[in-house]
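J.: Encoded as structure tokens, here's the structure I'll be asking about.
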Amino acid sequence: MGKVYIFLADGFEEIEALTVVDLLRRAQIDIDMVSITGSLQVTGSHQISVMADVLFEDAKFDDADMLVLPGGMPGTKNLKNHEGLDKLLRKFHGENKNIAAICAAPTVLGNKGFLEGKRATCYPGCEDELTGSTVLYHDVVEDGNIITSRGLGTAIDFALAIIKKLADENTAREIAGKVVYRHYN
1 MGKVYIFLAD
11 GFEEIEALTV
21 VDLLRRAQID
31 IDMVSITGSL
41 QVTGSHQISV
51 MADVLFEDAK
61 FDDADMLVLP
71 GGMPGTKNLK
81 NHEGLDKLLR
91 KFHGENKNIA
101 AICAAPTVLG
111 NKGFLEGKRA
121 TCYPGCEDEL
131 TGSTVLYHDV
141 VEDGNIITSR
151 GLGTAIDFAL
161 AIIKKLADEN
171 TAREIAGKVV
181 YRHYN
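Per the UniProt record's numbering, the sequence shown runs over residues 1 to 185.
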């Protein structure tokens with residue numbers, strides 16, 4: 001299992017981000033919350049403040065196995081507009097490394113051309129920004145190195161898909177059982 005970085009921008013969707021962090025930590029997957037705001041304290045789209053683990057400018061990312069983008073507004077727009085994150089995502093995509101995005105955040109990947117020829121999903125109404133992809137209306141879609149998901153209501157499935165990708169199916173099932181999540185297939 002490797003290292004995961006999840007990026008927090010002002011206006012991020014709290015449940016999408018924190019569900020991933022919580023379940024990955026339960027699975028013993030190392031995950032850091034990275035603030036792209038210049039401050040460790042980041043305020044979500046519903047005015048819940050979270051203390052990130054590290055500032056973007058202080059993180060190294062050399063040990064990263066996956067980058068995760070939560071949705072939310074204006075969080076997704078803030079992720080799209082961060083130059084350092086743009087460079088990091090392009091590097092990861094060029095190296096065919098794992099990237100996961102939920103809700104409106106798959107549009108960040110679509111706008112960069114990362115979904116060209118891939119299957120993907122997103123929050124309803126954002127489909128036009130999944131440029132070049134085959135849009136599916138599934139809770140979670142995994143295509144090669146990219147995992148996408150629909151939104152807050154699919155956050156547990158999204159996190160479990162990440163666990164399955166980075167650990168294994170048994171670990172994902174074990175975590176689903178421990179949190180009494182009965183809908184994991």
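Note that beta-carbon positions come from the ideal geometry of N, C-alpha and C, so glycine has one too.
If you compare alpha carbons, which of F158, I175, N81, E129 is closest to I15?
T.: On the sequence shown, position 15 is the one that residue 15 refers to. Considering only alpha carbons, the answer is F158.
J.: Give every residue of the same chain whose Cβ lies closer than 7 Å to the Cβ of K60, excluding the five residues on either side of it in the sequence, and list them in chain order.
T.: Reading the sequence shown from its first residue, position 60 is the one you call residue 60. Result list for K60: empty, nothing under 7 Å.
J.: Of all the options D53, F7, A172, which has the alpha carbon lying nearest to the alpha carbon of K80?
T.: As a position in the sequence shown, residue 80 is number 80, starting the count at 1. Among D53, F7, A172, the Cα nearest to that of K80 is on F7.
J.: Would you call the CB atoms of G72 and G11 closer than 8 Å?
T.: For the purposes of this step, residue 72 is taken as residue 72 along the sequence shown, with counting starting at 1. For the purposes of this step, residue 11 is taken as residue 11 along the sequence shown, with counting starting at 1. The answer is yes: Cβ separation under 8 Å.
J.: With a CB to CB cut of under 7 Å and the five nearest residues on each side skipped, what residues in its chain are close to T43?
T.: By one-based count along the sequence shown, residue 43 stands at place 43. Around T43, the same chain offers D10, S49 as residues with beta carbons nearer than 7 Å, after the five sequence neighbours per side are excluded.
J.: Since A27 and I102 should fall inside the 8 Å C-beta cutoff, what is the C-beta to C-beta distance between them, to a whole number of angstroms?
T.: One-based indexing of the sequence shown puts residue 27 at position 27. One-based indexing of the sequence shown puts residue 102 at position 102. About 17 Å separates the two Cβ atoms, so there is no contact after all.
J.: Using only the alpha-carbon positions, how far apart do G151 and D63 sit?
T.: Reading the sequence shown from its first residue, position 151 is the one you call residue 151. Reading the sequence shown from its first residue, position 63 is the one you call residue 63. Going from the Cα of G151 to the Cα of D63 covers about 28 Å.
J.: Is T134 buried or exposed, if buried means 16 or more other CB atoms sit within 10 Å of its CB?
T.: Position 134 of the sequence shown, counting from 1, holds the residue named residue 134. Residue burial annotation: T134 is exposed, with fewer than 16 other C-beta atoms found within 10 angstroms of its C-beta.
J.: State the DSSP-derived secondary structure class of D30, mapped to helix, strand or coil.
T.: By 1-based counting over the sequence shown, the position of residue 30 is 30. In this structure, D30 counts as strand in the three-state DSSP scheme.
J.: Can you find the residues in the same chain that come closer than 7 Å, C-beta to C-beta, to H46, ignoring five residues on each side of it along the sequence?
T.: Looking up residue 46 in the sequence shown gives position 46. Here the set comprises E14.
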